[in-house]
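Residue numbers (our numbering), protein chains in the order written: chain Y, -19 to 520; chain A, 4 to 86.
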Amino acid sequence: MATVFMKWLERRPADYDRGIRLLTLGRLEAMQHLIVEELVEQGMRVLEVGCGTGALTAAMAKAGANVSAIDISPGMLAEASRRIKKEDVEEHVDLQRMDAVMIDELFEPHSFDLIVSSLALSEMSERGRRYLLKSVRKLLTPDGKLAVLDEVRPTSGGSRLLFTLVRAPLQLLTWLLTRTTTHPLTNFEGVLTNSGFDWDLLSTEMAGSLRLYLATPVEQDESDRKPEMFRGRLNGARTLRTVLIDLWASLFRILPPYPQVKPGVYAVGEPGRDSPLLVTGNFELTVRRLVRAIEGELDAWILVVDSGGINVWCAAGGGFLTADKIIGALHISGLSEVLHHHALILPQLCANGVEGWRIREQTGWGVHWGPARAVDIPEYLARGRKKSDAMRWVTFPLRDRLEMTAVTLGFYALLILIPIAIFWRSIFWPTLIAMAALSAFYAVTLPWLPGRDGLAKSLPLALIALVGMLVYSTIWDPASIDVLFARAIGITALSVFIAAELQGMSPLMRGEQANWGWEAVIGGFLGLTYWLVPNLMGWR
Amino acid sequence: MSEGPNLGSLLAEHWHLARKLRSLEIHFAPERCKGLWQCYEVCPVGCWTPDYDVRCVVFRHGERCIACGACVLQCPERAIELR
Ligand code: SF4
Ligand code: SF4
């Protein structure tokens, strides 16, 4: 739920550029340069799929091409538009916001001499890629070409190991600094061949993991098969694997990799042409909760949309689940031709990032906001897609509070306890126990602790914790004044930290993003006191 | 990598953003409202209440607002702003 997580996830264009530069050690730019030098000619019609911040777009336009560029992210497009203005090539560039799988809708057949994609295919689902390649065949002129610049996962054992070893730390660093990550392509060459392309490798960098392909369509009888929409049946059965994954995801939800479900259409029960269609993101936990909520109650189709493996609320807030992604997923699903009805049920909690009216306008499908919690879906449908206020409002019951505490604590415990285990062994167990006890107490008493936000609530929490510490010290573990003082400082610091940080878990409070500044101030003050008072009092 | 992310600037940026988020408030222009109830449908904390007689929503529980932006995004009439 945490808005802090949501905002932390938010990808800004400048961060993205920095992230990619870091991740590819600057080699990407050199390869983009090669595309412009070798492939772009004066007056050429070029389509760029996934233009990002528009560096390649502007360079191709400067080289004399007329470029149509699309991207799914409004933020990236705004940045690209700024760059194109700055480079003064506006006349030669046409920018549009859309999912790459929509190009067959928007552009005329045979209208491009060159179709280019740089680091965009690896952002798509595998199904989306196949669909895109099919559309590319339609859009290219008879001697047109496709240039794909992307990251590729090596296939042979040795280089794969090397790739992982070198890449993992780089990827983590990049993600932490810029929230940018990429998903290298697997077996892309096979996909190219299967989709009817002849291809050449123009250039490789970074031990073969960054590759530039040049592909040309081969003659093929255009038996325009319908997209195979159906991926399989889902059930909510509990296995050792699901229990472990749920546990992992509950404790470390904040850190990638997030357990994911492959995007696509799934069935729950035995749905028919009149069964409802529910949309959700591809975080494995979300999908499983949805399935468990409706299994046995109703038959339904589920359209799993790529949300980067993040829950719908955070994904929508961070720009990972968008109206365009849903439109694209619906488009390649082929469901329009299968279902009798055209009604889409969206999770209410993605409304902070998915414009319902845009989906309605662009697809003609009806958009309905489902209930906030998956468990209410059967009743919502039984009432004819009507919600009661209780289904609409997010609450924060004890069970959720405890769960979210575990999630947040899992993350912070790593952050705090690992350094303590290394540098300050003697207080490891007391800190661990105090953290767990304080968080559990906070989770239980949250609604009754006075204060509008976490920072304000940290005062009563600290007072209660101090009283608890004094009682403990009097009855079980009497200590000298200086030890008592150290305990008091420690417990106060932990209380402030926990109350302020765990605020982010609550869907009912806001403004926690600014807490860290105050925490730093209070922490600094406590640290100073911890150092100063014993010296002044002559305890040391 | 001279213009790589620098910790100081990232923190400053985050702090700025955080302060702004904290102070965001709903501004509602009832004269634009056509009573489509999208805001009411999506607000997770029940700030909006439909007034069926005049086909216009009322921003009744502003104190609950968590500034999630859902109502702003869903209103087809752009009657709601968060600033
Ligand atoms: S979504 Fe906009 S038009 Fe509809 S009820 Fe709310 S404010 Fe009025
Ligand atoms: S911003 Fe979110 S919480 Fe505030 S009124 Fe709109 S929907 Fe409700």
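The beta-carbon is built from N, C-alpha and C at its ideal position, and this holds for glycine as well.
Is the beta carbon of residue i within less than 8 angstroms of some heavy atom of ligand 2?
i                      : result
residue 83 of chain A  : yes
residue 69 of chain A  : yes
residue 292 of chain Y : no
residue 334 of chain Y : no
residue 74 of chain A  : yes
residue 458 of chain Y : no
residue 62 of chain A  : yes
residue 47 of chain A  : yes
residue 330 of chain Y : no
Quick check on residue i: buried or exposed, where buried means 16 or more other Cβ atoms within 10 Å of its Cβ?
i                      : result
residue 204 of chain Y : With a pLDDT of 48 at residue 204 of chain Y, under the threshold of 50, the modelled position of that residue is not reliable, and the figure given next carries that caveat. Flag for residue 204 of chain Y reads exposed.
residue 77 of chain A  : buried
residue 485 of chain Y : buried
residue 125 of chain Y : buried
residue 517 of chain Y : exposed
residue 189 of chain Y : buried
residue 413 of chain Y : exposed
residue 12 of chain Y  : buried
residue 72 of chain Y  : buried
residue 402 of chain Y : exposed
residue 404 of chain Y : exposed
residue 521 of chain Y : This structure gives no information on residue 521 of chain Y, because the portion of chain Y shown stretches from -19 to 520.
residue 206 of chain Y : Note that residue 206 of chain Y scores 47 on pLDDT, short of 50, meaning its location in the model is unreliable; the coordinates nonetheless yield the value given after this. It is exposed - the Cβ of residue 206 of chain Y has fewer than 16 other Cβ atoms within 10 Å.
residue 495 of chain Y : buried
residue 460 of chain Y : exposed
residue 385 of chain Y : buried
residue 83 of chain A  : buried
residue 505 of chain Y : exposed
residue 287 of chain Y : buried
residue 219 of chain Y : exposed
residue 51 of chain Y  : buried
residue 360 of chain Y : buried
residue 56 of chain Y  : buried
Would residue i and residue j qualify as a contact pair, given that the criterion is a beta-carbon distance under 9 angstroms?
i                      : j                      : result
residue 83 of chain Y  : residue 132 of chain Y : no
residue 193 of chain Y : residue 93 of chain Y  : no
residue 376 of chain Y : residue 257 of chain Y : no
residue 34 of chain Y  : residue 75 of chain Y  : yes
residue 25 of chain A  : residue 48 of chain A  : no
residue 60 of chain A  : residue 42 of chain A  : yes
residue 275 of chain Y : residue 332 of chain Y : no
residue 415 of chain Y : residue 444 of chain Y : no
residue 289 of chain Y : residue 263 of chain Y : yes
residue 224 of chain Y : residue 165 of chain Y : no
residue 323 of chain Y : residue 365 of chain Y : yes
residue 255 of chain Y : residue 279 of chain Y : yes
residue 168 of chain Y : residue 128 of chain Y : yes
residue 8 of chain Y   : residue 152 of chain Y : no
residue 478 of chain Y : residue 449 of chain Y : no
residue 211 of chain Y : residue 246 of chain Y : yes
residue 306 of chain Y : residue 282 of chain Y : no
residue 434 of chain Y : residue 440 of chain Y : no
residue 79 of chain A  : residue 337 of chain Y : yes
Relative to ligand 1, is the shortest distance from any of its heavy atoms to the C-beta of residue i smaller than 8 angstroms?
i                      : result
residue 37 of chain A  : yes
residue 28 of chain A  : no
residue 42 of chain A  : yes
residue 77 of chain A  : yes
residue 87 of chain A  : What the structure shows of chain A is the stretch from 4 to 86, and residue 87 of chain A is not part of that stretch, so it cannot be assessed.
residue 59 of chain A  : yes
residue 51 of chain A  : yes
residue 421 of chain Y : no
Please tell me whether residue i has its Cβ less than 9 angstroms away from any Cβ of chain B.
i                     : result
residue 33 of chain A : Given the protein chain composition of this structure (Y and A), no chain B is represented.
When every heavy atom of ligand 3 is checked, does at least one fall within less than 8 angstroms of the C-beta of residue i?
i                      : result
residue 143 of chain Y : Ligands in the displayed structure: ligand 1 and ligand 2; ligand 3 is not one of them.
Do the stretch 324 to 336 of chain Y and the stretch 344 to 361 of chain Y meet, that is, are 3 or more Cβ pairs less than 8 angstroms apart?
Short answer: they touch.
Please determine if the stretch 310 to 323 of chain Y and the stretch 58 to 74 of chain Y are in contact, where contact requires at least 3 C-beta pairs separated by less than 8 angstroms.
Too few Cβ pairs lie closer than 8 angstroms, so no.
Does the stretch 101 to 112 of chain Y come into contact with the stretch 35 to 43 of chain Y, if we say contact requires no fewer than three beta-carbon pairs (one atom in each stretch) closer than 8 angstroms?
Here the stretch 101 to 112 of chain Y makes no contact with the stretch 35 to 43 of chain Y; the two share fewer than three CB pairs at distances below 8 angstroms.
Would you call the stretch 179 to 186 of chain Y in contact with the stretch 239 to 247 of chain Y, where contact means no fewer than 3 C-beta pairs closer than 8 angstroms?
The stretch 179 to 186 of chain Y makes no contact with the stretch 239 to 247 of chain Y: fewer than 3 CB pairs, one atom from each, lie closer than 8 angstroms.
Would you be able to state if there are at least three C-beta pairs under 8 angstroms between the stretch 416 to 425 of chain Y and the stretch 468 to 487 of chain Y?
With a cut-off of 8 angstroms on Cβ pairs, the stretch 468 to 487 of chain Y is in contact with the stretch 416 to 425 of chain Y, counting three or more such pairs.
Please specify which runs of the beta strand (DSSP E), each continuous and at least 3 residues long, are wholly inside the stretch 272 to 318 of chain Y, giving them in chain order.
280 to 285, all fully within the stretch 272 to 318 of chain Y.
Mind listing, in chain order, the continuous alpha helix (DSSP H) runs of no fewer than 4 residues lying wholly within the stretch 36 to 75 of chain A?
Within the stretch 36 to 75 of chain A, the complete alpha helix (DSSP H) runs of at least 4 residues are 41 to 45.
Taking only runs of the alpha helix (DSSP H) that begin and end inside the stretch 40 to 83 of chain Y, which ones reach a length of at least 4 residues, in chain order?
Scanning the stretch 40 to 83 of chain Y for uninterrupted alpha helix (DSSP H) segments of 4 residues or longer gives 54 to 66, listed from N- to C-terminal end.
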